[in-house]
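A short write-up of the structure that comes next.
Here is the structure:
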């Protein structure tokens with residue numbers, strides 16, 4: 001059995017419906033396979049999480065002069081049942097250039113989605129190392145029996161869920177409007193990627209709504225706060241104060257056919273989930289936002305999302321004006337109306353991504369500290385560059401490594 005001096009304690013899987021002993025056996029098998037890599041590039045460090053369908057390990061990848069960390073995600077079923085018990089599993093044939101296939105293995109579906117979205121800046125990057133030892137036929141080892149696995153970039157700054165929890169623990173004010181606009185724009189760009197996967201040269205391309213190009217109807221289907229993660233800061237105005245947000249976990253993603261009955265599928269589904277995430281960031285209340293995403297909420301109400309038009313029925317009725325509802329006057333009302341529009345019960349009332357991109361990107365470019373000083377007076381103290389830098393430093397960059 002291969003040894004690895006970089007091992008560190010695995011995550012506690014007590015609450016994840018996973019047998020820790022199975023995780024240990026799986027890790028030993030993975031290390032054995034990695035030990036047969038001629039250049040010893042792969043170093044399994046620790047198990048870091050379990051989702052509904054997969055278990056994730058942190059891997060150090062050394063291919064000099066490059067050293068980086070990656071995430072290895074494997075089929076949870078294989079871990080629970082034992083790799084060798086599934087040794088006769090056959091690899092699923094996939095048309096990687098075709099549409100996502102309903103009913104596919106969740107990890108295969110995720111890999112397919114990430115291949116489609118591989119150039120997008122606001123989607124987690126798929127990593128496909130050359131000469132992957134898990135794809136090799138190694139005579140000295142039993143077949144591992146995995147039907148699916150994938151490598152992804154490692155996002156060390158945590159999830160949106162982690163951010164909200166740490167923010168609540170360390171700060172008492174609402175999140176700055178300038179930060180909310182930036183997070184909103186990141187999420188909008190992730191949705192643009194799902195409708196118009198970026199094309200052209202290079203990777204980490206900024207997603208924009210193109211002209212004269214048909215949209216794909218890809219629906220993420222599980223865009224909650226633990227499936228949105230923070231990347232790094234950038235040099236551009238959208239990410240110089242707040243790190244890029246990236247959407248992960250496409251295991252249940254669907255792609256709908258371009259037919260009239262699916263007119264509002266994909267784009268409008270994703271817009272609703274973005275609105276739900278923004279509700280969490282505005283209210284700092286995860287419970288109600290998660291109910292919106294799951295469809296369990298029953299608090300609909302009417303909100304005037306359009307000027308000179310009747311109010312629209314929206315999912316978060318508890319945020320509509322009323323004697324018993326909180327006051328959200330500290331939130332930029334242009335932002336608030338857009339978020340509420342995203343949560344319209346009728347998909348036809350939800351704004352198209354082109355409108356969201358235009359308004360959010362303009363706000364990020366033009367609504368600086370001075371703008372809110374002129375608009376809000378005392379509330380503007382929370383809108384400075386220094387305040388946002390402090391928030392990011394204390395909630396993300398000073399957090400322990402996962």
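Numbering (this note's numbering), first residue to last: 1 to 402. Positions of the beta carbon are idealized from the N, C-alpha and C atoms, including for glycine.
How about residue i and residue j: are their beta carbons less than 9 Å apart?
i: residue 331; j: residue 282; result: yes
i: residue 328; j: residue 299; result: no
i: residue 38; j: residue 139; result: no
i: residue 436; j: residue 197; result: No answer is possible for residue 436: the residues shown for the chain start at 1 and end at 402.
i: residue 180; j: residue 290; result: no
i: residue 315; j: residue 264; result: no
i: residue 357; j: residue 192; result: yes
i: residue 338; j: residue 359; result: yes
i: residue 252; j: residue 295; result: no
i: residue 186; j: residue 106; result: no
i: residue 413; j: residue 230; result: No information on residue 413 is available, as it lies outside the stretch 1 to 402 that the chain covers here.
i: residue 170; j: residue 395; result: yes
i: residue 148; j: residue 75; result: yes
i: residue 261; j: residue 364; result: no
i: residue 154; j: residue 68; result: yes
i: residue 178; j: residue 389; result: no
i: residue 32; j: residue 146; result: no
i: residue 254; j: residue 353; result: no
i: residue 285; j: residue 313; result: no
i: residue 274; j: residue 184; result: yes
In the DSSP assignment, what are the bridge partners of residue i?
i: residue 61; result: 42, 68
i: residue 217; result: 256
i: residue 228; result: 247
i: residue 55; result: 50, 74
i: residue 314; result: 301, 344
Comparing C-alpha positions only, which one of the options sits nearest to residue i?
i: residue 133; options: 95, 195, 151; result: 151
i: residue 246; options: 156, 47, 390; result: 156
i: residue 71; options: 54, 63, 65, 64; result: 54
i: residue 387; options: 173, 214, 194; result: 173
i: residue 306; options: 280, 342, 284; result: 342
i: residue 216; options: 236, 194, 203; result: 194
i: residue 50; options: 304, 260, 125, 249; result: 249
i: residue 276; options: 95, 292, 322; result: 292
i: residue 136; options: 104, 36, 381; result: 36
i: residue 65; options: 310, 144, 41; result: 41
i: residue 164; options: 224, 324, 346, 56; result: 224
i: residue 189; options: 208, 303, 287; result: 208
i: residue 113; options: 206, 144, 218, 48; result: 218
i: residue 20; options: 43, 236, 109, 48; result: 48
i: residue 214; options: 280, 241, 203, 258; result: 258
i: residue 143; options: 61, 236, 29; result: 29
i: residue 351; options: 371, 323, 269; result: 269
i: residue 232; options: 211, 129, 115, 204; result: 204
i: residue 322; options: 333, 301, 308, 336; result: 301
i: residue 127; options: 97, 166, 280, 60; result: 60
For residue i, which of helix, strand or coil comes out of DSSP?
i: residue 89; result: Legend: pLDDT at residue 89 = 47, less than 50; position of this residue unreliable, value from coordinates given subsequently. Residue 89: coil per DSSP, three-state reduction.
i: residue 149; result: strand
i: residue 325; result: coil
i: residue 258; result: coil
i: residue 249; result: coil
i: residue 123; result: strand
i: residue 375; result: helix
i: residue 205; result: strand
i: residue 291; result: helix
i: residue 335; result: helix
i: residue 194; result: helix
i: residue 395; result: helix
i: residue 199; result: coil
i: residue 186; result: helix
i: residue 181; result: helix
i: residue 349; result: helix
i: residue 309; result: coil
i: residue 101; result: coil
i: residue 457; result: For the chain, the structure presents residues 1 to 402; residue 457 sits outside this window and is missing.
i: residue 382; result: helix
i: residue 369; result: helix
Looking at the secondary structure, which residues open and close the alpha helix (DSSP H) in which residue i lies?
i: residue 167; result: 160-170
i: residue 420; result: Since the displayed the chain opens at 1 and closes at 402, residue 420 lies outside it and no answer follows.
i: residue 33; result: 20-35
i: residue 355; result: 353-366
i: residue 114; result: 106-116
i: residue 135; result: Segment: none, residue 135 is in no alpha helix (DSSP H) and carries neither H nor E.
i: residue 385; result: 385-392
Any heavy atom of the ligand ATP closer than 8 Å to the Cβ of residue i?
i: residue 166; result: The ligand ATP is absent from the structure shown, which contains no ligands of any kind.
Is any beta-carbon of chain D found at less than 9 Å from that of residue i?
i: residue 315; result: Here chain D cannot be found, since the structure has a single protein chain.
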